[in-house]
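Input: a single structure, listed below in structure tokens.
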DNA sequence: GTACGGGACAAACCTAGGTATAGCTCGTCT
DNA sequence: AGACGAGCTATACCTAGGTTTGTCCCGTAC
């Protein structure tokens, strides 16, 4: 069913995966067939703990959850995943949901909440949108965590200088604030540019924005 | 009921307003009393067109909408407001809502969706959260639109230079790309700094980020 | 103890950024 | 026609940014 023919090193490069969690085996089968019919990889589980035992996916993916699951409910699973810092987009499916449930799920970031019977096109669209969102989220995350790891390679003094420089101060002002000589700041600044991989001050400013190193305000003078 | 005593110039400085749209007069009264009891200003309407006739508020505010309204439904009103570029947070109240309605409302940005009977504390919390969100939205909007109006005072050449400078190019590189002399770029650059009210290149980069003037990527070299 | 890395600084040197003054063309508004 | 603003440039001058080479102190890991 799933066309994985053993340890083939290529092939699953960026192939998205749909995870299904539903206690109803016939539902799992139906959804699996549906998703595979449009070329998506699928992994299906009967309960929340089974899903949690697998390692978080490294490719764009989404979850299709029945809200009523034995043991951990779909909503609890959503909370647990959020706590575990796993932000795979979730699509809920429900037979007997109510409005407060829906609101809670949507407020917690669910991308859709479908009621049974689910039309094929409806859930395919939802899955497509969810995977697209996850792809974007992953792209952003990759960029930011790359910058963060560079930032962590800075010494504490270099970080001091970074934050003052990106806040717009001149070298001499940075030096004054840190009680250093201007030449020292210049040297640190060069080291920062190299370690951060920034080609220009503009790059550095953007990186520090991404890291959340804010000075005060998008400072404007009248 | 509404304690506005004529044209008093002070008093409504940043006083938030709750707008209510509900065709049930007794419900309007109950909600109005509830909100006023905690010191909130209230304006209540019986239908969507009545609300649309008033000018968009200039203070943090939120909407409390019954989803079933005569004529334009709550959901349609939400869409209309979005089209009119009015992004006041919306709290829906419903007696007989269903899940697809809820999902649609939440996907379109509603902050909450409550079912009757509504507990007092529940809706007060929702209103508080909505007003807080609107306050933040307004703050951000004010900052960005200030920057945008400065940007609009730039000549087209100045804008060219701005985008290349904030993308990290040196003056001579900007000059080469635009077919100008370096000195010309320097002079435009100075004019840009003055017109934009930027105290430093870092400021200018942040402003261009806020304006969505992106070069390509948070450019990193390995 | 010594080797190593962080932190700090200096002299010398070069490039980049930025201002003031002045002068030119071109199109448009009056 | 004349004034005006955008666009463009030059000379001259000054400040800010940035690298290289070399030196010193200190704490810690081996």
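Protein chains in written order, with this note's numbering: chain A, 924 to 1145; chain B, 924 to 1145.
Glycine included, C-beta positions come from ideal geometry on N, C-alpha and C.
Bear in mind the structure is a predicted one, so any value in this text is a computation, not a measurement.
Proximal residues of chain A, C-beta to C-beta of residue i below 7 angstroms
i, result
"residue 1170(B)", "Past the edges of chain B, shown from 924 to 1145, lies residue 1170(B), and the structure says nothing about it."
"residue 1036(B)", "1022, 1026"
Terminal residues of the beta strand (DSSP E) in which residue i lies
i, result
"residue 1035(A)", "1035-1038"
"residue 965(B)", "964-968"
"residue 1041(B)", "Where residue 1041(B) is concerned, there is no enclosing beta strand (DSSP E), given that its DSSP letter is neither H nor E."
"residue 1017(B)", "1013-1017"
"residue 984(B)", "984-989"
Interface partners of residue i on chain B, CB under 7 angstroms
i, result
"residue 1090(A)", "1125"
"residue 1029(A)", "1026, 1029"
Assumed close pair residue i, residue j - CB separation to whole angstroms, cut-off 8 angstroms
i, j, result
"residue 1001(B)", "residue 964(B)", "No, residue 1001(B) and residue 964(B) are not in contact; Cβ-Cβ is about 22 angstroms, not under 8 angstroms."
"residue 1012(A)", "residue 1056(A)", "5 angstroms"
"residue 1014(A)", "residue 1035(A)", "5 angstroms"
"residue 983(B)", "residue 1061(B)", "6 angstroms"
"residue 1037(B)", "residue 1052(B)", "Their Cβ separation, rounded to whole angstroms, is 12 angstroms, which puts residue 1037(B) and residue 1052(B) out of contact at 8 angstroms."
Continuous alpha helix (DSSP H) stretch holding residue i: start and end
i, result
"residue 1079(A)", "1079-1089"
"residue 1115(A)", "1105-1119"
"residue 1026(A)", "1022-1030"
"residue 944(B)", "It is not in any alpha helix (DSSP H) - residue 944(B) instead sits in the beta strand (DSSP E) that spans 940-944."
"residue 1137(B)", "Segment: none, residue 1137(B) is in no alpha helix (DSSP H) and carries neither H nor E."
"residue 1102(A)", "Residue 1102(A) -> no alpha helix (DSSP H), and no H or E assigned at all."
"residue 1002(A)", "997-1006"
"residue 955(A)", "948-960"
"residue 1130(A)", "1124-1133"
"residue 972(A)", "971-976"
Beta-carbon spacing of residue i, residue j below 9 angstroms
i, j, result
"residue 950(A)", "residue 989(A)", "yes"
"residue 1085(A)", "residue 1110(A)", "no"
"residue 1124(A)", "residue 1125(B)", "yes"
"residue 986(B)", "residue 1043(B)", "no"
"residue 1074(A)", "residue 1130(A)", "yes"
"residue 973(B)", "residue 941(B)", "no"
"residue 1071(B)", "residue 1134(B)", "yes"
"residue 998(A)", "residue 1031(A)", "yes"
"residue 1118(B)", "residue 1077(B)", "yes"
"residue 1088(B)", "residue 1112(B)", "yes"
"residue 1094(A)", "residue 1081(A)", "no"
"residue 1108(B)", "residue 1047(B)", "no"
"residue 1003(A)", "residue 975(A)", "yes"
"residue 955(A)", "residue 968(A)", "no"
"residue 1132(B)", "residue 1132(A)", "yes"
Within chain B, partners of residue i - CB distance below 8 angstroms
i, result
"residue 1132(A)", "1129, 1132"
Residue i beta carbon near the ligand NAP (any heavy atom closer than 8 angstroms)
i, result
"residue 1080(A)", "The ligand NAP is not among the ligands present in this structure, which contains no ligands whatsoever."
> Taking contact to mean at least 3 C-beta pairs separated by less than 8 angstroms, is the segment 1063-1075 of chain A in contact with the segment 1014-1032 of chain A?
Replying inline: no
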